[in-house]
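Using the numbering used here, you'd call the opening residue of the sequence shown number 1 and step up by one each time. All C-beta atoms, glycine included, are put in the ideal place defined by N, C-alpha and C. Presented below is the structure to which this report refers.
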Amino acid sequence: MREHKEKLKEETSAPALIVEGVFDALPYVGRAVACLGKPTHKQFDLLCRSKRPLCVVLDGDAWEEGYALSQKLKLNGKVTGYVKLPAGDDPGSVDVDWLLSEVEKSIL
């Protein structure tokens, strides 16, 4: 996540996607932050300091954890959304345009 710190500091209305793995982030270069699993406490603190909206998009089998993370970020004052992926899918396996559209809708 270290290489993504600068992306989180950018002041923009474009949401950053919070994903689990590097391969999940590849189709969304410049827009996704890979936590390499679920976010640690240190990574959560970094997300809370983000200057841009966030959208949690964990793998389909981790939708409950993704929703909980989104709500925890909201409780910490972040503008955040959440996208539930179909079971068995991950951000790298779904249609990129579809997911980006869902991300935008989730932030409203």
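Pick from W63, L26, K78 that is closest to S50, judged by C-alpha positions:
K78
Quick check: what's the CA-CA separation for C35 versus E20?
5 angstroms
P91 Cβ short of 7 angstroms to the ligand GDP heavy atom set
Absence of the ligand GDP is noted for the structure shown, with no ligands found whatsoever.
For V83, is the classification buried or exposed, using 16 other Cβ atoms within 10 angstroms of its Cβ as the cut-off for buried?
buried
I'd like the list of long-range same chain contacts for G37, defined as Cβ closer than 7 angstroms, with 5 residues on each side in sequence excluded.
E20
Examine the Cβ distances between the segment 7-15 and the segment 69-76 and report whether three or more of them are shorter than 8 angstroms.
no
7 angstroms Cβ shell around V94 - same chain, five flanking residues per side excluded:
L85
Residue range of the alpha helix (DSSP H) that includes Y67
63-75
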